[in-house]
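Heads up: the sequence shown begins at 684 in this note's numbering, then just goes up one per residue. All C-beta atoms, glycine included, are put in the ideal place defined by N, C-alpha and C. Below is one structure, written out as structure tokens; comments come after it.
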Amino acid sequence: MGLVLCLLFFFLWVPGVIAQDIALILSANLKPYLEFAEGFQDLIPKSKVYILPEDASLAQKVLEKDSIQAVAVGSRALALLKKTPLTKHIYYALLVSAEDAHRILPGRKLCGLYLKLPPSVTFPIIKETLAKEFPLFLERHQPLRVLIPYSAQANEAFVEKARQVGKPLGFEVAPYHITKGPKLKEVLVQEEFDLLYCVPDPLFATEEVISLVLETCLLRLRPACGYNHFFYRKGALLSFVFDYRQIGLEMARMLLLDRCEESPAPFEVLLNKKVLEFLHKNLLMQKHKN
């Protein structure tokens with residue numbers, strides 16, 4: 684809290700930094716968006732929040748002002764800006780990817796924090812964590828065959844990047860295009876792989892599917908990597924999770940510093956110690972049997 688207050692007092696002395704009107708538009712009245720707004724307003728308390736769909740008309744009217752700086756949280760909020768004459772660059776957050784943002788507002792100057800972490804960020808973390816916490820597993824699986832199931836066409840570019848990033852790390856990426864989540868269990872039982880990497884995709888839209896996927900991996904003694912707290916709780920060895928309040932703080936810092944870039948949102952890595960112990964114990968048993 685001390686750092687937040689220091690930053691706030693500092694920026695209050697910077698001429699014109701927060702003199703402009705800031706419209707913080709939330710795509711829905713949901714916890715992630717509200718937590719983002721709380722973090723954002725810790726640094727910029729005078730920003731005005733508009734929650735869709737109820738405040739859509741009011742937000743559109745406000746966005747017609749030249750003095751407004753828009754911050755769109757979620758895809759619905761960003762889409763609302765299609766009809767606005769804003770000349771400033773636009774900040775966005777909590778969209779899956781930068782590509783999604785540019786599809787919604789093509790040709791506009793966008794600055795944002797997105798949620799799909801690139802393999803250039805996550806793969807080295809996976810390799811380092813396995814080397815430190817589970818070296819026996821890495822020793823037995825060289826190269827490490829990484830299964831990435833997906834359904835969305837947008838993820839084709841992701842898996843191609845994963846191939847390129849993974850190769851020098853000793854990861855052999857095995858993408859698997861599938862159309863329906865319930866088919867995942869069949870894939871996980873039949874395919875040969877060493878680690879399951881779950882990327883944000885409609886395949887993992889329900890908690891039931893995620894639970895089934897992670898249970899199947901554990902039965903096969905294969906670690907999985909997920910991207911939210913639910914993956915962590917249900918049995919993923921590693922999960923890359925977001926604190927939406929922290930993302931709001933980071934977005935406020937970007938705006939206050941007039942920093943325009945598109946990058947992954949700040950995240951933390953959760954290692955499930957119980958899963959690690961389970962996998963390690965059973966792998967040792969297998970080794971002794973052989």
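Residue i (DSSP reduced to helix, strand or coil)
| i | result |
| --- | --- |
| Ser-922 | strand |
| Pro-858 | strand |
| Phe-692 | Here Phe-692 scores only 48 on pLDDT, less than 50, and its place in the model should not be relied on; the value that follows carries that caveat. Phe-692 falls in the helix class under three-state DSSP. |
| Ala-753 | strand |
| Cys-908 | strand |
| Tyr-716 | helix |
| Val-732 | strand |
| Ala-702 | Bear in mind that the predicted position of Ala-702 carries a pLDDT of just 42, short of 50, making it too unreliable to give a figure here. |
| Ile-727 | coil |
| Leu-966 | helix |
| Lys-957 | helix |
| Leu-761 | helix |
| Leu-878 | strand |
| Leu-788 | coil |
| Val-697 | Reliability fails at Val-697, whose pLDDT of 42 lies under 50, so the model's placement of it is uncertain and no value is given. |
| Leu-886 | helix |
| Leu-813 | helix |
Residue closest to residue i, alpha-carbon to alpha-carbon, out of the options
| i | options | result |
| --- | --- | --- |
| Lys-984 | Ala-888, Arg-942, Tyr-915 and His-860 | Residue 984 lies beyond the range of the chain shown here (684 to 973); nothing can be said about it. |
| Gln-969 | Arg-828, Leu-761 and Arg-823 | Arg-823 |
| Tyr-733 | Pro-865, Gly-757, Glu-721 and Ala-706 | Ala-706 |
| Ala-814 | Val-756, Ser-894, Lys-765 and Leu-852 | Leu-852 |
| Val-958 | Val-896, Arg-916 and Leu-967 | Arg-916 |
| Glu-875 | Ile-893, Leu-827 and Lys-765 | Leu-827 |
| Asp-704 | Ala-739, Gly-722 and Leu-746 | Leu-746 |
| Glu-855 | Glu-721, Pro-802, Ser-946 and Leu-897 | Pro-802 |
| Val-882 | Gly-790, Val-924, Lys-866 and Leu-819 | Val-924 |
| Lys-866 | Pro-728, Lys-850, Phe-887 and Phe-950 | Phe-887 |
| Leu-741 | Gly-722, Leu-764, Gly-757 and Pro-728 | Leu-764 |
| Asp-749 | Gly-757, Pro-768 and Ala-739 | Pro-768 |
| Leu-799 | Ala-845, Ala-739, Tyr-716 and Glu-960 | A quick correction: the sequence has Lys, not Leu, at residue 799. Ranking Ala-845, Ala-739, Tyr-716 and Glu-960 by Cα distance to Lys-799 puts Ala-845 first. |
| Tyr-859 | Gln-873, Val-848, Ala-781 and Glu-816 | Gln-873 |
| Ala-784 | Ile-809, Ala-720, Gly-757 and Pro-807 | Gly-757 |
| Leu-778 | Asn-838, Ala-755, Lys-792 and Asp-738 | Ala-755 |
| Leu-932 | Ala-948, Ser-922 and Glu-944 | Ala-948 |
| Ser-730 | Leu-709, Pro-736, Glu-737 and Ala-739 | Leu-709 |
| Pro-807 | Ala-840, Gln-847 and Asn-838 | Gln-847 |
Enclosing alpha helix (DSSP H) for residue i [first to last residue]
| i | result |
| --- | --- |
| Leu-867 | 867–873 |
| Leu-902 | 890–902 |
| Ala-739 | 739–745 |
| Gly-931 | 927–939 |
Residue range of the unbroken beta strand (DSSP E) whose run includes residue i
| i | result |
| --- | --- |
| Cys-794 | 793–797 |
| Pro-947 | 945–947 |
| Ala-776 | 773–778 |
| Glu-951 | 951–954 |
Cβ separation of residue i and residue j, assumed to be a contact under 8 angstroms, to the nearest whole Å
| i | j | result |
| --- | --- | --- |
| Leu-938 | Gln-752 | 7 angstroms |
| Leu-726 | Arg-936 | 7 angstroms |
| Ile-861 | Pro-885 | About 11 angstroms separates the two Cβ atoms, so there is no contact after all. |
| Cys-908 | Leu-895 | Contact doesn't hold; Cβ gap of about 17 angstroms is too wide. |
| Leu-904 | Asn-965 | 5 angstroms |
| Pro-906 | Leu-962 | 6 angstroms |
| Val-900 | Leu-871 | Val is not the amino acid found at residue 900; the sequence shown has Cys there. Correct: roughly 6 angstroms between the Cβ atoms. |
| Tyr-927 | Pro-715 | 5 angstroms |
| Ala-776 | Phe-719 | 6 angstroms |
| Gly-795 | Tyr-774 | 6 angstroms |
| Glu-890 | Phe-914 | The Cβ separation is near 10 angstroms, so there is no contact. |
Any non-hydrogen atom of the ligand FMN closer than 7 angstroms to residue i Cβ
| i | result |
| --- | --- |
| Lys-729 | Looking at this structure, you won't find the ligand FMN or any other ligand, since it has none at all. |
*Of all the alpha helix (DSSP H) runs that stay within the bounds of the stretch 816–861, which reach a length of 4 or more residues?*
DSSP runs (the alpha helix (DSSP H)) wholly in the stretch 816–861: 818–823 and 838–849.
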